[in-house]
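Chains as they are written, first to last, in our numbering: chain F, 163 to 374; chain U, 163 to 374.
Every residue gets a Cβ at the ideal spot worked out from N, C-alpha and C, and that includes glycine.
No experiment lies behind these values; they were computed from the predicted model shown.
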DNA sequence: CGTGCGATGTATCGGTCCGATACATCGAGG
DNA sequence: CCTCGATGTATCGGACCGATACATCGCACG
């Protein structure tokens, strides 16, 4: 999962470890806590050894630009390689069971903008299936095994069941949206300020903008 | 976490590994997938080495009861020791940061029937705090960093934010319920059938009530 | 009658990821 | 001046997972 996330992130722009962590924390904040350095750095080294990423020199512009702003000293900036992009495409498209658990789905979903519509649909439906099964499991327990469990445990199951039903509905909307049309956003009033297509989804052949 | 869950479960009755897994899967189904044998068995051995649990002989009733029903052969049944109960009490009451993450909170909550009210309140409030912080983080991202993120990522954040708000409301109800009165259940019509006291929890002091 | 299949049951191994910890630099504010 | 918080890289032990192996039992199907 971390591998996929890093590869996906580095396609936007080269970054060093600390930055990767921050960006990932922002992007995946909804599904998991900040990723640990204890897994980040070893993974970066693994990816580099495999040739998916390389170190990029840190020299800012051309030559004797006196920096003064930031004294990039020990920072190690990584950029993705051509092999790395290939690897990402393979990872993002293939769907094993781990693709549908909470974390796996979240990571895949966070990079939907780099995925083709067929894959998006497949993943959304797989996730729905998974959640539906979880939901059925909870209903079973609440129905059949309710006498064996204490009130707190039951309340926990009810809350979980509610979350499942809600997520299934959310997925239904996304699937419908995905099938007929291409707008990713579910209409939903009054949460954040501006809603506006920002960086539109140019999934397969993309050009990335950066600061000019 | 696994340690706490096993200790808690074994207070209800002695069990073997397979059974522990099944019960735990039922009890914690709302918050996590089935626990792996790859962590269960090593943990059982660790708990046994520490003296929190012991093997219990499998002999069914008294003597030459011809079994014929089940041929309990290799099953290893564990029971909790006095030290184990003490350990459980210590683990369930003390609250570190890991007590408030999704899994940690879920396990603690699932054993609320064996916890005193003060601890329950402390944990519920800590969890609320944690979720509120996560919620603020998501609001920040949706507000300030929205332009930098693609529509799918934003949708993920919105869904996460919604889940946070919902959980905070759920926790509020539980806290209010806990403070004034002692009924664990939030009134909520029409989900499961019978509600009724089952395996009574006589943990430290309190007695559990249910509808008479 | 056998034969295979699904549930029950115990166990290990490699790998991923986390939490704690260490250490070094830099800019800002007291 | 000096500490504090943000930035930044890195390691270590431990928790937990997923795959795998292996053995027994009862039952259904041929």
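Could you tell me whether the region 241 to 258 of chain U touches the region 238 to 255 of chain F, where touching means 3 or more Cβ pairs closer than 8 Å? no
Kindly provide the ranges of any beta strand (DSSP E) runs that are 3 or more residues long and lie completely inside the region 255 to 341 of chain F, ordered along the chain. none
Report all residues from its chain with a CB closer than 6 Å to the CB of residue 218 (chain U); omit the five preceding and five following residues, and keep chain order. 176, 239 and 241
Would you report the Cα separation of residue 335 (chain F) and residue 192 (chain F), rounded to the nearest angstrom? 19 Å
Can you tell me whether residue 141 (chain F) is helix, strand or coil according to DSSP? Any property of residue 141 (chain F) remains undetermined from this structure, which presents chain F solely from 163 to 374.
For residue 261 (chain U), the nearest candidate out of U:286, U:216 and U:196 (CA to CA): U:286
Beta-carbon proximity of residue 254 (chain F) to residue 276 (chain F), cut-off 8 Å: yes
Look at the alpha carbon of residue 297 (chain U) and the alpha carbon of residue 236 (chain U), and state the distance between them as a whole number of angstroms. 49 Å
Is it buried or exposed, residue 244 (chain U), if we count other Cβ atoms within 10 angstroms and call 16 or more buried? exposed
Consider the Cβ of residue 321 (chain F): report whether some Cβ of chain U lies at a distance smaller than 8 Å. yes
If we define contact as Cβ-Cβ less than 8 Å, is residue 318 (chain F) a contact residue for chain U? yes
Only counting the same chain, and skipping five residues up and downstream in sequence, which positions put a Cβ closer than 7 Å to that of residue 294 (chain F)? 330
Compare the C-beta of residue 179 (chain U) with all C-beta atoms of chain F and state if any pair is closer than 8 Å. no
Residue 305 (chain U) classed as buried or exposed, judged by whether at least 16 other C-beta atoms fall within 10 angstroms: exposed
If we define contact as Cβ-Cβ less than 8 Å, is residue 311 (chain F) a contact residue for chain U? yes
Straight-line CA distance for residue 289 (chain F) to residue 265 (chain F)? 11 Å
Assign residue 174 (chain F) to one of three DSSP states: helix, strand, or coil. coil
From residue 280 (chain F) to residue 311 (chain U), what distance separates their C-alpha atoms? 22 Å
So is residue 189 (chain F) buried or exposed if we call it buried at 16+ other beta carbons inside 10 Å? buried
From this set, U:208, U:179 and U:291, which residue's C-alpha is nearest residue 198 (chain U)'s C-alpha? U:179
Hey, does residue 191 (chain U) have any beta-carbon neighbour from chain F nearer than 8 Å? yes
Tell me whether the beta-carbon of residue 194 (chain F) lies closer than 8 Å to the beta-carbon of residue 268 (chain F). yes
Any idea if residue 211 (chain F) is buried or exposed, counting beta-carbon neighbours within 10 angstroms, 16 or more meaning buried? exposed
Could you please give me the residues that DSSP links to residue 215 (chain F) through a beta bridge? F:242
Quick check: the Cα distance between residue 313 (chain F) and residue 216 (chain U), rounded to an integer number of angstroms? 29 Å
Under 9 Å by beta carbon: chain U residues contacting residue 263 (chain F): 195
Run the CB neighbour count on residue 325 (chain U), radius 10 Å, all protein chains shown included, and call it buried at 16 or more, exposed below. buried
Along the region 292 to 304 of chain F, where does the CB come closer than 8 Å to a CB of chain U? Name the residues. 296, 299, 300, 303 and 304
Please check if any C-beta of chain U sits within less than 8 Å of the C-beta of residue 359 (chain F). Because residue 359 (chain F) sits at a pLDDT of 43, beneath the cut-off of 50, its placement in the model cannot be relied upon, and the following sentence gives the value as read from the coordinates. For residue 359 (chain F), the answer is yes, since a Cβ of chain U falls inside 8 Å of its Cβ.
Expected contact under 8 Å - CB spacing of residue 271 (chain F) and residue 318 (chain U) to nearest Å: 6 Å
What does residue 268 (chain U) reach in chain F if we use C-beta pairs closer than 8 Å? 318
Can you name the residues of chain U whose CB is closer than 7 Å to the CB of residue 315 (chain F)? 189 and 272
DSSP state of residue 343 (chain U) mapped onto helix, strand, coil: coil
For the candidate residues F:263, F:273, F:341 and F:169, whose alpha-carbon lies nearest to that of residue 207 (chain F)? F:169
Name the chain U residues whose beta carbon is nearer than 8 Å to that of residue 381 (chain F)? Because chain F here runs from 163 to 374, residue 381 (chain F) falls outside it and cannot be looked at.
What does residue 212 (chain F) touch in chain U if you count any residue whose Cβ is under 7 Å from its own? Result: empty, since nearest Cβ-Cβ is about 26 Å, beyond 7 Å.
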